[in-house]
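> What follows is a single structure, and I will ask about it in a moment.
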Amino acid sequence: MRRKVSTKRKINPDVAYNSIKVEKFINYIMKEGKKSVARKVMYDTMEEIKKKTKTENPLVVFDAAIKNSSPDLEVRSRRIGGANYQVPREVRPERKLALSMRWILDGARSKKGQNMAVRLADELIAASKNEGYAAKKKENTHKMAEANKAFAHFAW
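Each number in our numbering corresponds to the 1-based position in the sequence shown with 30 added.
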């Protein structure tokens with residue numbers, strides 16, 4: 031008999047922007063349980079976005095970046111008859127959000143030079159314009175799914 035499915039923990043919205051997505055992103059930034067450091071990085075990033083884009087609300091840029099770097103399709107490995115096939119699958123909404131946040135963060139962490147807030151702001155601004163690391167990653171994921179469309183009938 032299967033065990034009980036665990037319930038998803040509720041994330042409270044962050045204090046400054048009253049947004050669950052921002053709080054989730056802070057959790058992704060956090061390393062070794064240092065949430066206060068992650069919060070400072072995120073809020074400095076938002077200030078940097080405000081300065082660079084000259085917008086009153088940096089949340090608009092943040093949401094656009096998340097939306098633009100969220101993949102619609104991905105490939106999953108499936109073993110059939112001794113061969114592994116890359117089967118294209120649609121991405122669930124929670125996973126879309128997770129992947130897009132992870133890719134944006136990876137793009138910011140891969141750059142060196144300035145402090146994290148500046149790098150993250152640059153990556154978020156680039157992603158909101160469909161440019162940068164996260165947008166490239168999404169494009170590659172979609173290309174892989176398109177190339178393996180022939181195996182779509184193996185989807186489970």
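Glycine residues also receive a C-beta, built at the ideal position from the N, C-alpha and C atoms.
As the structure is a computational prediction, the values presented were derived from the model and not from experiment.
1. With a threshold of 16 other CB atoms inside 10 Å of the CB of Met76, please say whether the residue is buried or exposed.
2. Under the rule that 16 or more other beta-carbon atoms within 10 Å means buried, what is Ile56, buried or exposed?
3. How many whole angstroms separate the CB atoms of Tyr58 and Leu135, which I take to be in contact at a CB cut-off of 8 Å?
4. Would Lys64 count as contacting chain D if we go by Cβ distances under 7 Å?
5. Starting from the C-beta of Glu153, find all residues in its chain whose C-beta is less than 6 Å away, skip the five residues before and the five after it, and write them out in chain order.
6. Suppose you measure from the CA of Lys61 to the CA of Lys70; what does that come to, to the nearest Å?
7. Apart from the five residues on each side of it in sequence, which residues of its chain come closer than 6 Å, Cβ to Cβ, to Val117?
8. Which same chain residues, not among the five before or five after Ser140, have their C-beta less than 8 Å away from its C-beta?
9. For Ala147, which of Lys159, Asn98, Asp74, Ala94 has the nearest alpha-carbon?
10. Give the straight-line distance between the Cα atoms of Asn201 and Val52, rounded to the nearest whole angstrom.
11. Can you have a look at Asp44 and say buried or exposed, based on whether 16 or more other CB atoms are within 10 angstroms of its CB?
12. First and last residue of the beta strand (DSSP E) that includes Ala182?
13. With a 10 Å radius around its C-beta and 16 neighbouring C-beta atoms as the bar for buried, classify Asn98 as buried or exposed.
The relevant details are as follows:
1. Here residue 76 is taken as the residue at index 46 of the sequence shown, counted from 1. Per the 10 Å Cβ criterion, buried.
2. If you number the sequence shown from 1, residue 56 lands on position 26. Per the 10 Å Cβ criterion, buried.
3. Position 28 of the sequence shown, counted from the start, is the residue given in the question as residue 58. Position 105 of the sequence shown, counted from the start, is the residue given in the question as residue 135. 6 Å between Cβ atoms; contact.
4. This model lacks chain D altogether; it includes just one protein chain.
5. Counting from one through the sequence shown, the residue named residue 153 turns up at place 123. Taken in chain order, the residues that qualify are Ile134, Gly137, Ala138, Gly162.
6. Here residue 61 refers to the residue found at position 31 when the sequence shown is read from its first residue. Here residue 70 refers to the residue found at position 40 when the sequence shown is read from its first residue. Each residue's alpha carbon lies about 13 Å from the other.
7. To locate residue 117, count along the sequence shown from 1; it is residue 87. These residues qualify, in order along the chain: Arg106, Arg108, Phe181, Phe184, Ala185.
8. Indexing the sequence shown from 1 puts residue 140 at position 110. Excluding residues within five positions, the ones whose Cβ falls inside 8 Å are Tyr163.
9. The residue you call residue 147 lines up with position 117 of the sequence shown. Minimum Cα distance to Ala147 is reached at Asp74.
10. As shown, the chain starts at 31 and ends at 186. That puts residue 201 outside it, with no answer to give.
11. By one-based count along the sequence shown, residue 44 stands at place 14. Counting Cβ neighbours within 10 Å, Asp44 comes out buried, since at least 16 surround it.
12. Position 152 of the sequence shown holds residue 182. Where Ala182 is concerned, there is no enclosing beta strand (DSSP E), given that its DSSP letter is neither H nor E.
13. Against the sequence shown, residue 98 aligns to sequence position 68. The residue is buried, with at least 16 neighbouring Cβ atoms inside 10 Å.
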